[in-house]
Structure formats: structure tokens, C-alpha cells
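Enquirer: Below: one structure in C-alpha cells.
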Amino acid sequence: METSGGIRASLAGRYASALFDLARDERQIDSVGQSLDKLKAGLAESRELQGLVSSPLVSREAAGKALGAVAPSLGLDPLTTRFLAVLAKNGRLRQLYDVIRIFGSLAAEHRGETTAEVTSARPLDDNQIAALKTQLGARVGRDIRIDARVDPAILGGIVVRLGSQMIDASIRTKLNTLATAMKG
């Protein structure tokens, strides 16, 4: 596991690492990972929840209470719920998106998987994700976990980050390359 300079050097990395270490010690990596996935989905669906996490106008105490009230409806496990309370108390809820992403990477690495960050202009369907996992897995010789994101700004195509490698097959990049070539 990356412990030098990389993941654990950032603020979100330190929080994610602490949560991962605690989940590992309590043998709850999978349940915490599932809870964080539910939380990520909840954040994607609810503007109120997004505002709660990102607004500087919400006090630490109010944010902690609100997250404690929302946790059961999202189906979050007790460890994740306590962790959210700590983030709120310390005023670090704005780090939550990065904490979720980094925890997923740490858990995947623990399982012997490699995480590929995939950005597409529109959501990928299950068949496309499965095909991508197969192709990338054959390339690196490990199981692949896909962290899919949607960014309409790439216009079309796909951008894949796999460790330090980046495969950019987006239409935006191709158009920029063409524009540069035409300038001479």
C-alpha cells in the first residue's frame, strides 16, 4: 500500500487511510466500502445532501446531526456513520468526495485489484464497463475496479487513468490535436 508521499500525504488521504485502517482492523472493509458507495450515490442524487457537505454556512454541529439523521435512511454502517460525525466535527466534510475515492482505491489495492478512473461523456452501460474491465485486466494482469465518472466536456470517447498511465481517446483531445496541427 502506498504510504509515502502519495495517497496518505493529502488531507483526504489521511482521513481515508485512517478509515481504511480502522475498517481493516475491525474486518469491515466491504461494509464500509458499500456504505461509502451508498453515500456517493446519495450525494449524486440529492442537492440538499451536496449542500450539507459543501456549504460553509452549515455549522459543524448541524452538519453532524443532519448526517447522523440521514445515515440510517441511506443504510450506512455504524463505523461509516461515526466517521462522518468525525469529519463534520473537524470541519472536513468538503473532503468527503476525495475520501470516498481514496478509500475505494485503498480497498481495491487490499483486494489485489487496480482501480481505473474512467471518464466518459455519458454514462457507460454494464456491458461497456464489463468489456473495459476485461481489456484493462488483460493489459495489466490484475483484476480491475472501474471508478466511472461522466464529464460532458470531453464531448465523446473515453479517458482512462490506470495508475500513472493515461489513455485519452476523447473527442476533445482529438479536436485540440487537429487544431494544433492545422496551425502549423
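Here my numbering runs 47 ahead of the position in the sequence shown, where the first position is 1. For glycine and all other residues, C-beta sits at the position ideal for the given N, C-alpha and C.
For G151, which residues of its own chain have a beta-carbon under 6 Å away from its beta-carbon, when the five flanking residues on both sides are left out?
Expert: What you label residue 151 is simply residue 104 of the sequence shown in a count that begins at 1. None.
Enquirer: Are there 16 or more other CB atoms within 10 angstroms of the CB of A116, so buried, or fewer, so exposed?
Expert: In the sequence shown, counting from the first residue as 1, residue 116 sits at position 69. Exposed.
Enquirer: So who's on the other strand from T162, going by DSSP bridges?
Expert: Residue numbering aside, residue 162 sits at position 115 when the sequence shown is read from its first letter. Answer is R192.
Enquirer: With L171 as the anchor, note down where its beta strand (DSSP E) starts and where it stops.
Expert: Numbered from its first residue, the sequence shown carries residue 171 at position 124. Per DSSP, L171 belongs to no beta strand (DSSP E) and is neither H nor E.
Enquirer: Is the distance from the Cβ of L69 to the Cβ of L126 below 8 Å?
Expert: Locating residue 69 in the sequence shown gives position 22, counting from the first residue. Locating residue 126 in the sequence shown gives position 79, counting from the first residue. Going by C-beta atoms, L69 is nearer than 8 Å to L126.
Enquirer: What span of residues does the alpha helix (DSSP H) with G111 cover, start to end?
Expert: Indexing the sequence shown from 1 puts residue 111 at position 64. For G111, the enclosing alpha helix (DSSP H) begins and ends at 107–121.
Enquirer: Give the DSSP bridge partners of R208, in chain order.
Expert: Within the sequence shown, the letter at position 161 stands for residue 208. Per DSSP, E164, M213.
Enquirer: Just reading off the alpha helix (DSSP H) that N137 is part of, what are its end residues?
Expert: On the sequence shown, residue 137 is found 90 positions in, with the first residue counted as 1. Note, N137: premise wrong, no alpha helix (DSSP H); not H, not E.
Enquirer: Got a sec, what are the start and stop residues for the alpha helix (DSSP H) L58 sits in?
Expert: Here residue 58 corresponds to residue number 11 of the sequence shown, with the count starting at 1. 58–72 is the span of the alpha helix (DSSP H), which, as asked, contains L58.
Enquirer: Name the two residues that bound the continuous alpha helix (DSSP H) containing L225.
Expert: Along the sequence shown, one-based indexing puts residue 225 at 178. Where L225 is concerned, the enclosing alpha helix (DSSP H) stretches over 218–230.
Enquirer: Straight-line CA distance for A56 to L99?
Expert: Translated into the one-based positions of the sequence shown, residue 56 becomes position 9. Translated into the one-based positions of the sequence shown, residue 99 becomes position 52. Cα to Cα, the separation comes out at about 26 Å.
Enquirer: Inspect the beta-carbon positions of V207 and V165 and report whether they are closer than 8 Å.
Expert: As a first step, residue 207 must be located in the sequence shown, where it is residue number 160. As a first step, residue 165 must be located in the sequence shown, where it is residue number 118. Their beta carbons are under 8 Å apart, which means V207 touches V165 by this criterion.
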